[in-house]
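> All residue numbers for the sequence shown refer to our numbering, where the first residue is 12 and numbers rise by one. Would you mind keeping the following structure in view while I ask a few things?
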Amino acid sequence: MFEFTFCLAAAFVLYTLGGYPLLLAALARMRPRPFTRAPIRPTVSILLPVYNGEPWLRSKLESILALDYPRELLQILVISDGSTDRTGEIASQFESSGVQLIHIPHSGKASALNAGLERATGEILFFTDVRQPLDRNALARLVECFADPEVGAASGELIILEGQTRQEADTGLYWRYEKWIRKRQSSVDSVLGATGCIYAMRRRLARPLPPGTINDDMYLPLNAFLRGYRIVLEDSARAYD
Numbered sequence: 012m013f014e015f016t017f018c019l020a021a022a023f024v025l026y027t028l029g030g031y032p033l034l035l036a037a038l039a040r041m042r043p044r045p046f047t048r049a050p051i052r053p054t055v056s057i058l059l060p061v062y063n064g065e066p067w068l069r070s071k072l073e074s075i076l077a078l079d080y081p082r083e084l085l086q087i088l089v090i091s092d093g094s095t096d097r098t099g100e101i102a103s104q105f106e107s108s109g110v111q112l113i114h115i116p117h118s119g120k121a122s123a124l125n126a127g128l129e130r131a132t133g134e135i136l137f138f139t140d141v142r143q144p145l146d147r148n149a150l151a152r153l154v155e156c157f158a159d160p161e162v163g164a165a166s167g168e169l170i171i172l173e174g175q176t177r178q179e180a181d182t183g184l185y186w187r188y189e190k191w192i193r194k195r196q197s198s199v200d201s202v203l204g205a206t207g208c209i210y211a212m213r214r215r216l217a218r219p220l221p222p223g224t225i226n227d228d229m230y231l232p233l234n235a236f237l238r239g240y241r242i243v244l245e246d247s248a249r250a251y252d
């Protein structure tokens with residue numbers, strides 16, 4: 012019995028590390044499913060949940076306001092999850108630029124996102140985190156994925172920067188392996204989840220998160236997938252850390 016269990020476990024590991032990537036690569040080459048991109052400009056609600064984000068919030072909001080996207084089509088929601096620092100004060104300084112501040116008692120990211128979902132009016136929801144600035148074209152690149160009616164959610168890519176030079180870091184083998192897998196998954200059909208600091212989805216496909224949900228970047232996109240839509244990767248839409 013032990014030998015059988017060991018062999019089964021070993022076979023599973025070998026498939027995960029070797030068989031699955033080879034299968035993905037073959038499917039991506041033989042049966043790719045490209046999706047349509049087009050320069051569409053629907054209304055977008057940006058959801059930025061924050062808990063004690065004072066060190067990063069100003070630069071994050073400046074990054075959002077610098078996005079190459081028509082300002083009149085944006086709804087910018089900062090949801091303060093019971094912050095005890097200057098988060099609310101800083102966000103209020105951007106009200107004249109269209110930033111809307113929502114206060115809720117401290118109850119976790121899922122509750123903050125749910126508060127944002129209740130207020131969101133855009134056709135597309137764009138989710139991002141306070142610490143990672145965005146590339147100027149990030150939102151436009153993600154939104155263009157929704158020109159394809161089969162796309163329900165789209166994930167951008169997080170770029171790790173190194174030291175004071177802020178050059179792209181030489182990330183480890185596992186990180187590169189995961190990126191490779193995600194690109195092939197998207198080529199075949201759908202990625203499994205999204206990058207938490209930069210992803211978007213159709214608002215009509217979003218559902219409130221259960222209390223205490225940690226992986227919103229898995230739960231929300233999978234709602235779209237389970238309703239028959241694709242989750243695609245757009246690696247030209249970038250956030251930086």
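Each residue gets a CB set at the ideal place from its N, CA and C atoms; glycine is no exception.
1. Quick check on residue 237: buried or exposed, where buried means 16 or more other Cβ atoms within 10 Å of its Cβ?
2. So residue 249 and residue 149 are supposed to be a Cβ contact under 8 angstroms. How far apart are they, rounded?
3. Tell me whether the beta-carbon of residue 60 lies closer than 8 angstroms to the beta-carbon of residue 101.
4. By how many angstroms is the C-alpha of residue 126 removed from the C-alpha of residue 72?
5. Name the two residues that bound the continuous beta strand (DSSP E) containing residue 138.
6. Look up residue 251 in the DSSP assignment and give the residues it is bridged to.
7. If you draw a straight line from the C-alpha of residue 229 to the C-alpha of residue 105, how long is it?
8. Classify residue 133: buried if its beta carbon has 16 or more other beta carbons within 10 angstroms, exposed otherwise.
9. Less than 8 angstroms separating the beta-carbons of residue 200 and residue 48?
10. Which term fits residue 188, buried or exposed, when burial requires 16 or more other beta carbons within 10 angstroms of its beta carbon?
11. Can you round the beta-carbon distance between residue 233 and residue 137 to whole angstroms, since I take them to be within the 8 angstroms contact cut?
12. Three-state secondary structure (DSSP) at residue 203?
13. What does a CB cutoff of less than 7 angstroms around residue 50 pick up in its chain, not counting 5 residues either side in sequence?
14. Contact between the segment 164-174 and the segment 200-211: three or more CB pairs below 8 angstroms?
15. Does the pairing of the segment 139-146 with the segment 62-78 give three or more beta-carbon distances under 8 angstroms?
16. Between 55, 252, 251 and 46, which lies nearest to residue 151 when the distance is taken from Cα to Cα?
17. Keeping to the same chain, check which residues put their C-beta closer than 8 angstroms to that of residue 46; ignore five residues upstream and five downstream.
18. Pick out the complete alpha helix (DSSP H) segments inside the segment 101-138, 4 residues or longer, and give them in chain order.
19. Which residues in the same chain have their Cβ closer than 7 angstroms to the Cβ of residue 88, if we skip the five residues on either side of it in sequence?
20. Please state whether the Cβ-Cβ distance between residue 92 and residue 123 is less than 8 angstroms.
21. Report the residue from 80, 170 and 41 whose alpha carbon sits nearest the alpha carbon of residue 209.
22. Which two residues bound the contiguous alpha helix (DSSP H) that contains residue 94?
23. Cα-Cα, which of 172, 84 and 118 is closest to residue 225?
24. Could you give the DSSP three-state label for residue 245: helix, strand or coil?
25. Could you check what DSSP says for residue 15 in three-state terms: helix, strand or coil?
The short version:
1. Exposed, since its Cβ has fewer than 16 Cβ neighbours within 10 Å.
2. 6 angstroms
3. No, they are not a contact pair.
4. Going by the C-alpha atoms only, they are around 19 angstroms apart.
5. 135-139
6. 170
7. 30 angstroms
8. buried
9. In this structure, residue 48 does not lie closer than 8 angstroms to residue 200 by Cβ.
10. exposed
11. Not confirmed; about 18 angstroms, so no contact.
12. coil
13. The answer, listed in chain order, is 155.
14. yes
15. yes
16. 55
17. 156, 159, 161, 162, 241 and 243
18. 120-130
19. The beta carbon of residue 88 is closer than 7 angstroms to those of 56, 57, 58, 59, 111, 113, 127, 130 and 131 in its chain, skipping five residues each way along the sequence.
20. yes
21. Checking every option, the nearest Cα to that of residue 209 belongs to 170.
22. Boundaries for residue 94: no alpha helix (DSSP H) harbours it, and the DSSP string shows neither H nor E there.
23. The candidate whose alpha carbon is nearest that of residue 225 is 118.
24. strand
25. Low confidence applies here, because residue 15 scores a pLDDT of 39, under 50, leaving its location unreliable; read the following figure in that light. Here residue 15 sits in helix by DSSP.
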